[in-house]
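Remarks on the structure that follows.
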Amino acid sequence: DAKTTQPPSMDCAEGRAANLPCNHSTISGNEYVYWYRQIHSQGPQYIIHGLKNNETNEMASLIITEDRKSSTLILPHATLRDTAVYYCIVRVAFRYQLIWGAGTKLIIKP
Amino acid sequence: DTEVTQTPKHLVMGMTNKKSLKCEQHMGHRAMYWYKQKAKKPPELMFVYSYEKLSINESVPSRFSPECPNSSLLNLHLHALQPEDSALYLCASSQEGHLSISYEQYFGPGTRLTVT
C-alpha cells in the first residue's frame, strides 16, 4: 500500500489561500487520494477525494499532479475555524482501509 | 442527517471493569467502523462491520469485543483493559457495496477512554 508524507505543521494568514502538500510517490493506479481534517477533540471530517483529475467542492480544491505522485489541498479563503490537523490518505478502490499520513497541523493566524 | 453519535463522551474505568461504548447512525449506511486514536497520531482501524457482519478485525486483542445489533447501532464491549488502552475511540460509517468505489466515511465525535 502506498504511503503519504506531509509537513508536520504550516501557518497561513486568515483570508489567504492555504495550500497543503502531500507526497504519495508510490501510489498505484487504483488508489484514491482522500483528505480529512480533525479539529481539536473532534472526529475526523471528510473534505475531498480524487483519483486522477482535479476536484473542487464547497470546502476545498484538490490538485493531483499528472504523474499522481503528489497532491495539494487548497482551502481558498482560510478562516480561524480551519485550524486543524489535515490528513492526506490513500485508499485502494473497493477496500475499507484508509492509509493515513501523519497529518499537517494547520494554524490560521488573524 | 449526516451525524454519527457516540456515547459516552468520556469514560474512566478500572482494569477489572466491564463497560461498553455505543455508536449510532441514521444515514442508512451498511458499513460501520471502530477506530482507536492515540494522542498526536492518526486513527487506527480496529474493526469493520458490513451488513451487520464482522468483515475485518485488525488483530485487535480479545479484551475488545465488537457487536452490531442492527444496521444503525454499533457497540464496543470492553473488559480487562490495560492503561495503554487509554485513547480516543472513534466510530464511523459509510455506504457499502461493490459499486461504492468512492464513498467517504463519516466519523462520530469519539469517546475519550481512560483506563486506571
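In the order they appear, the protein sequences are chains A and B. Residues in the first sequence are numbered consecutively from 1, following the working numbering. Residues in the second sequence are numbered consecutively from 1001, following the working numbering. Cβ atoms here follow ideal geometry from the backbone N, Cα and C, with glycine treated the same way. No experiment lies behind these values; they were computed from the predicted model shown.
When the Cα of residue i is compared with those of the options, which residue comes out closest?
{"i": "A:Glu55", "options": "A:Ser41, A:His40, A:Leu75", "result": "A:Leu75"}
{"i": "B:Ser1059", "options": "B:Val1048, B:Val1004, B:Lys1053, B:Pro1008", "result": "B:Val1048"}
{"i": "B:Ile1056", "options": "B:Tyr1035, B:Ser1071, B:Gly1110, B:Val1012", "result": "B:Tyr1035"}
{"i": "B:Arg1030", "options": "B:Ser1072, B:Lys1019, B:Cys1023", "result": "B:Ser1072"}
{"i": "B:Lys1040", "options": "A:Pro8, A:His77, A:Phe94", "result": "A:Pro8"}
{"i": "B:Met1013", "options": "B:Leu1045, B:Leu1078, B:Gln1006", "result": "B:Leu1078"}
{"i": "B:Leu1021", "options": "B:Gln1095, B:Ser1094, B:Ala1087", "result": "B:Ala1087"}
{"i": "A:Ala93", "options": "A:Thr5, A:Gln6, A:Gly50, A:Pro44", "result": "A:Gly50"}
{"i": "B:Cys1091", "options": "B:Cys1068, B:Pro1083, B:Glu1084", "result": "B:Cys1068"}
{"i": "A:Lys52", "options": "A:Tyr96, A:Tyr46, A:Thr72", "result": "A:Thr72"}
{"i": "A:Ala18", "options": "A:Glu31, A:Leu80, A:Thr65, A:Gly29", "result": "A:Leu80"}
{"i": "B:Tyr1106", "options": "B:Ser1093, B:Tyr1033, B:Thr1116", "result": "B:Ser1093"}
{"i": "B:Glu1104", "options": "B:Glu1052, B:Asn1070, B:Tyr1033, B:Lys1018", "result": "B:Tyr1033"}
{"i": "A:Ile63", "options": "A:Arg95, A:Leu20, A:Gln97, A:Thr5", "result": "A:Leu20"}
{"i": "A:Gln6", "options": "A:Ser28, A:Asn30, A:Trp35, A:Gly29", "result": "A:Trp35"}
{"i": "B:Tyr1051", "options": "B:Glu1096, B:Phe1064, B:Val1004, B:Lys1019", "result": "B:Glu1096"}
{"i": "A:Gln97", "options": "A:Tyr32, A:Glu14, A:Cys22", "result": "A:Tyr32"}
{"i": "B:Pro1009", "options": "B:Asn1017, B:Thr1016, B:Cys1023, B:Met1015", "result": "Here the sequence assigns Lys to residue 1009 of chain B, which means Pro is not the residue at that position. Closest option to B:Lys1009, Cα to Cα, is B:Cys1023."}
{"i": "A:Ala13", "options": "A:His77, A:Ile48, A:Ile47", "result": "A:His77"}
{"i": "B:Lys1018", "options": "B:Gln1006, B:Phe1064, B:Thr1007", "result": "B:Phe1064"}
Could you tell me if residue i is buried or exposed, where buried requires 16 or more neighbouring beta carbons within 10 angstroms of its beta carbon?
{"i": "B:Gly1028", "result": "exposed"}
{"i": "A:Ser41", "result": "exposed"}
{"i": "A:Asp82", "result": "buried"}
{"i": "A:Pro110", "result": "exposed"}
{"i": "A:Ile39", "result": "exposed"}
{"i": "B:Leu1054", "result": "exposed"}
{"i": "A:Gly29", "result": "exposed"}
Which residues of chain B have a Cβ atom closer than 7 Å to the Cβ of residue i, listed in chain order?
{"i": "A:Trp100", "result": "Pro1042, Pro1043"}
{"i": "A:Gly103", "result": "Pro1042"}
For residue i, which residues in chain E fall below 9 Å Cβ to Cβ?
{"i": "B:Gly1108", "result": "Included in the structure are the protein chains A and B, with no chain E among them."}
I believe residue i touches residue j by the beta-carbon criterion, under 8 Å. Please report the beta-carbon distance rounded to the nearest angstrom.
{"i": "A:Arg16", "j": "A:Tyr86", "result": "16 Å between Cβ atoms; not a contact."}
{"i": "B:Tyr1089", "j": "B:Leu1081", "result": "No, B:Tyr1089 and B:Leu1081 are not in contact; Cβ-Cβ is about 11 Å, not under 8 Å."}
{"i": "B:Pro1061", "j": "A:Trp100", "result": "So it is not a contact: roughly 21 Å between Cβ atoms."}
{"i": "A:His24", "j": "A:Ser61", "result": "Not confirmed; about 17 Å, so no contact."}
{"i": "A:Gly103", "j": "B:Gly1110", "result": "The Cβ separation is near 16 Å, so there is no contact."}
{"i": "A:Ile107", "j": "A:Asp11", "result": "5 Å"}
{"i": "B:Leu1113", "j": "B:Leu1045", "result": "Not quite, the Cβ-Cβ distance comes to about 17 Å (not below 8 Å), so this is no contact."}
{"i": "A:Arg91", "j": "A:Ile27", "result": "Not really, about 10 Å apart at Cβ, beyond 8 Å."}
{"i": "B:Val1115", "j": "B:Pro1083", "result": "5 Å"}
{"i": "B:Val1004", "j": "B:Gln1037", "result": "Contact flag wrong, Cβ pair sits at about 15 Å."}
Taking DSSP's pairing of strands, which residues face residue i in a bridge?
{"i": "B:Cys1068", "result": "None, per the DSSP bridge assignment."}
{"i": "A:His49", "result": "A:Tyr34"}
{"i": "A:Asn54", "result": "Answer is none; A:Asn54 lacks a bridge partner."}
{"i": "A:Arg91", "result": "A:Tyr32, A:Leu98"}
Listing by chain order, which chain B residues have their CB less than 8 Å from the CB of residue i?
{"i": "A:Gln97", "result": "Leu1045, Ile1056"}
{"i": "A:Tyr87", "result": "Pro1042"}
Quick one: list the residues of chain A neighbouring residue i, beta-carbon separation under 8 Å, in chain order.
{"i": "B:Leu1021", "result": "Neighbours of B:Leu1021 on chain A: none; closest Cβ ~13 Å, over 8 Å."}
{"i": "B:Leu1090", "result": "Gly43, Pro44"}
{"i": "B:Ala1031", "result": "Tyr96"}
Chain A partners of residue i, CB-CB under 9 Å?
{"i": "B:Val1048", "result": "Tyr96, Gln97"}
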